[in-house]
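Take a look at the structure below.
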Amino acid sequence: MDISAGSAHRRPALMSTPVRVRFAPAPTGYLHVGSARSALFNWLYARHHGGTLVLRIEDTNAALATPEFYEAITKPLDWLGIDWDEGPIYQSERTDLYLAAVTSLLDSGHAYYCGCKQDEIDARNKATGFKGGYDGHCRDLNLADGPGVSVRFRTPDEGSIEISDLVRGNVVFNAVELEDFVIRRGNGSPVFLVANAVDDADLGITHVVRGEDLLNTTPKVALLWDALGYGPLPIYAHLPLLVGEDRKKLSKRKASVALADFEADGFLPEAMANYLALLGWGPKDDVEVRPMEEIIALFDLADVNKAPAFFDMKKLEHINGEYIRALSVNELIERLQPWLGENAPWPAERFDPETFAAVVPHVQERLRRLPDIWSQVDWLFTDDPPVETVEKEIKQISKAMDREEVPAVLDAVIDAFTSCDWTADALNDAVREVGDRLEAKSQVPVRIAVTGRRVGPPLFEPMALLPRETVLSRLRARRATYPS
RNA sequence: GCCCCGUUCGUCCAGCGGCCUAGGACGCCUGCCUUUCACGCAGGUAACACGGGUUCAAAUCCCGUACGGGGUACCA
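Counting in my numbering, the first sequence runs from 341 upward without gaps.
Structure, rendered in structure tokens:
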């Protein structure tokens, strides 16, 4: 190995240390899709480089350090298919480390005690017209520690801080813009900025991949990092935010933002992961729907976009539909299980797995979300599917055929169904014959009568699975709603 | 207000100085297939925010303007 430091042919990229990234969510009770996307990009980068992903829970707020909060993060990650190599590391268990860092900062003169109350600061700033946040009141007062006393970091009065960011290039901040920020609260607890610097250094993090909303906190961490003598900063990558219809950060009130909601709404985890990977990044060959292994192979933080990305439910649904169609029938049935139990729109005892298995192939291509299965097959397991309104029926039938023709069609079909063989082919032939004879789209009224809906799966195969009497009685019941 | 970031079809992404009369996907519209819907197939619609540079050549580089977003806490 060539160790000549002055060599003009050093190849740092190839020889550099292995990639170590971290996903560091604050436990909030659920995993936001934006966070999930950050987790995914970290994971993709780690897997692409054969690196290490560390899970770190930023629970410096002790109240959040409970098992429920932990599961609210890890279960959705599991579901999405994201695994981590180290951790979870709980910041709430590392307070001593952070406090030691605060002490060393105090000792080295990089930090000082501050006894100011927020309203006092506000009052002074109002009086002086100072707009830069904290005014440095206690900077050189040499205050002693005590109850309610906080610790602030002494920011440089000049100079600049440069952050290298794989997504945004180099970002430069002026030190003057940075106020002397609090690093230890009056109650003695360290703030996340310290925890961030200490942990990233301690864990040997090489790349910090996170949302753009954290970009402005980076120079503060960088200042702490230097003051603590940690050496070179990690490389950063600030991902574009995910936005909603209003072009603002995806908010809880306007749409479902918890990853768990997407699972509950019937999205497949592989579809969700695929879609999320496409937000802020895209493969150069334009192939969007593809296995995760390929995405891992193609992914690079340097190719991530800078502009915020709109979370498009329509496209997610389309991709989900593609993944559903790609499933084997058995696999699909397996995935459908959660929607076939108690919350299904039919009496549990009426459900028949065999009948169900027979229809699934006919409805598979019609599903965009898993629970779409309900409206496709409910008529097989209940006598009163949520029949669409008569008004709608009139509208639709008048499009396909004149409403006046319906009674004759129904009469003829009832007649034919009474005696024909009870097979899909025979039923099809019978309806077709009626249609030919009466010159009408005879299938439409039959479908409405039997399934309660204007649209649905191919009619005859599933219908043949119902008892003849059931079908006949539904036809008669519908016939009775027309004048004789 | 101040600081930071951004701006290619309605939306997501491709484009990293000539291959661009700007490509793909979703959406939307047509048609084909189909006695429903869907899938599939074949078409169509639609964008480089604006203004200055630099260059033989700019969607691609630089500057400015406009617009959008993020931050501005003893939350993370």
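Just so you know, even glycine gets a beta-carbon here, dropped at the ideal spot from N, CA and C.
First and last residue of the uninterrupted beta strand (DSSP E) at residue i
i	result
serine 490	490–493
alanine 537	Careful: alanine 537 lies outside any beta strand (DSSP E), inside the alpha helix (DSSP H) at 532–542.
valine 549	547–551
isoleucine 429	426–430
serine 500	500–505
threonine 392	392–397
leucine 750	Leucine 750 -> not in any beta strand (DSSP E); alpha helix (DSSP H) instead, spanning 746–759.
asparagine 614	Looking at the DSSP string, asparagine 614 is not in any beta strand (DSSP E); the run it does join, the alpha helix (DSSP H), is 609–617.
asparagine 514	509–514
arginine 690	Premise fails: arginine 690 is in no beta strand (DSSP E) and is neither H nor E.
arginine 362	360–363
valine 522	522–524
Anticipated Cβ contact below 8 angstroms, residue i with residue j, distance rounded
i	j	result
tyrosine 452	arginine 492	6 angstroms
aspartate 399	serine 375	Not quite, the Cβ-Cβ distance comes to about 14 angstroms (not below 8 angstroms), so this is no contact.
valine 699	proline 807	Their Cβ separation, rounded to whole angstroms, is 16 angstroms, which puts valine 699 and proline 807 out of contact at 8 angstroms.
arginine 665	glutamate 705	6 angstroms
leucine 417	leucine 371	7 angstroms
histidine 450	arginine 479	Not really, about 12 angstroms apart at Cβ, beyond 8 angstroms.
isoleucine 429	isoleucine 461	Contact flag wrong, Cβ pair sits at about 34 angstroms.
valine 442	isoleucine 523	6 angstroms
isoleucine 827	arginine 387	No information on residue 827 is available, as it lies outside the stretch 341 to 824 that the chain covers here.
threonine 722	leucine 805	The Cβ separation is near 14 angstroms, so there is no contact.
Own chain residues within Cβ distance below 8 angstroms of residue i, not counting five before or after
i	result
serine 500	Val512, Phe513, Asn514 and Ala515
arginine 819	Pro747, Leu750, Asp751, Ile754 and Ala789
glycine 681	Ala688
arginine 709	Asp605, Gly606, Phe607, Glu657 and Asn660
leucine 812	Ile754, Phe757 and Thr758
valine 669	Ala697, Val700, Pro701 and Gln704
proline 823	Pro747
alanine 484	Tyr453
leucine 815	Leu750, Val753, Ile754, Phe757, Val786, Ala789 and Val790
Residue interval of the alpha helix (DSSP H) (run including residue i)
i	result
leucine 680	Segment: none, leucine 680 is in no alpha helix (DSSP H) and carries neither H nor E.
glycine 449	First-last for glycine 449: undefined, no H or E at that position.
tyrosine 410	407–420
histidine 578	First-last for histidine 578: 575–579, but that is the beta strand (DSSP E), not the alpha helix (DSSP H).
Selected residue, minimal CA-CA separation from residue i, among the options
i	options	result
alanine 440	Gly528, Glu610, Gly544 and Thr695	Gly528
leucine 563	Glu498, Lys589 and His578	Glu498
proline 744	Arg793, Thr821, Leu805 and Ser715	The residue you asked about is not proline; residue 744 is glutamate in the sequence shown. Comparing Cα positions, the closest option is Thr821.
leucine 720	Phe691, Pro747 and Leu483	Phe691
alanine 546	Asn556, Pro572 and Phe521	With the sequence shown as reference, residue 546 is identified as threonine, and alanine is not the correct amino acid for it. Here the closest residue by C-alpha is Pro572.
phenylalanine 607	Lys655, Ala541, Pro574 and Ser824	Lys655
glutamate 809	Asp755, Asp480, Asp769 and Asn768	Asp755
glutamate 519	Tyr474, Asp540 and Thr368	Tyr474
alanine 649	Leu618, Lys624 and Leu667	Leu618
valine 784	Arg793, Asp723 and Asp776	Arg793
isoleucine 448	Cys456, Leu483 and Gly569	With the sequence shown as reference, residue 448 is identified as serine, and isoleucine is not the correct amino acid for it. Out of Cys456, Leu483 and Gly569, Gly569 has the C-alpha closest to the C-alpha of serine 448.
glycine 455	Leu393, Asn556, Leu481 and Ala567	Leu481
arginine 434	Thr357, Arg377, Asp540 and Trp419	Asp540
isoleucine 575	Glu460, Asp542 and Leu506	Leu506
glutamine 716	Ala684, Gln458 and Ile461	Ala684
arginine 550	Arg508, Gly390, Asp586 and Pro530	Arg508
glycine 544	Ala764, Leu710, Leu393 and Ile503	Leu393
histidine 477	Val548, Ile503, Gly486 and Phe521	Phe521
proline 687	Ala697, Ala484, Asp718 and Phe800	Asp718
alanine 766	Phe800, Arg787 and Asp542	Phe800
methionine 632	Gly421, Pro407 and Val361	Gly421
aspartate 553	Pro530, Asn510, Lys588 and Val531	Lys588
aspartate 542	Thr557, Lys560 and Trp565	Trp565
arginine 362	His389, His388, Leu395 and Ala577	Leu395
phenylalanine 470	Arg814, Val561, Glu517 and Asp776	Glu517
arginine 377	Gln458, Asn401, Asn768 and Pro609	Pro609
Close beta carbons around residue i, own chain, < 7 angstroms, minus the five adjacent residues each side
i	result
isoleucine 659	Ala611, Asn614, Tyr615 and Val629
leucine 526	According to the sequence displayed, residue 526 carries glycine and not leucine. For glycine 526, where only same-chain residues beyond five positions count, the Cβ hits under 7 angstroms are Gly488, Val489 and Ser490.
leucine 590	Val373, Gly374, Leu582, Val583, Gly584, Val597 and Phe651
glycine 620	Leu579, Pro580, Val644, Asn645 and Ala649
proline 802	Val699, His702 and Leu720
alanine 369	Checking the displayed sequence, the identity of residue 369 turns out to be glycine instead of alanine. Cβ within range, chain order: Phe409 and Ala412.
Same chain, Cβ closer than 6 angstroms to residue i, five either side skipped, listed in chain order
i	result
serine 347	In this predicted model, serine 347 has a pLDDT of only 30, less than 50, meaning its place in the structure is not dependable; the value taken from the coordinates is given anyway. Taken in chain order, the list of residues that qualify is empty.
alanine 770	Ala756 and Cys760
tryptophan 839	As shown, the chain starts at 341 and ends at 824. That puts residue 839 outside it, with no answer to give.
proline 365	Ser375 and Ile413
alanine 647	Pro580
methionine 355	Bear in mind that the predicted position of methionine 355 carries a pLDDT of just 49, short of 50, making it too unreliable to give a figure here.
Cβ-heavy atom distance, residue i to the ligand GDP, below 7 angstroms
i	result
lysine 646	In terms of ligand content, the structure shown is empty, and the ligand GDP therefore cannot be addressed.
Is it a yes or a no for the region 522–537 touching the region 592–604, going by three-plus beta-carbon pairs under 8 angstroms? no
Decide yes or no for the touch test of the region 629–641 against the region 376–388: beta carbon pairs closer than 8 angstroms, at least 3 of them. yes
Check whether the region 663–683 touches the region 757–771, taking contact to mean three or more Cβ pairs, one atom from each stretch, closer than 8 angstroms. no
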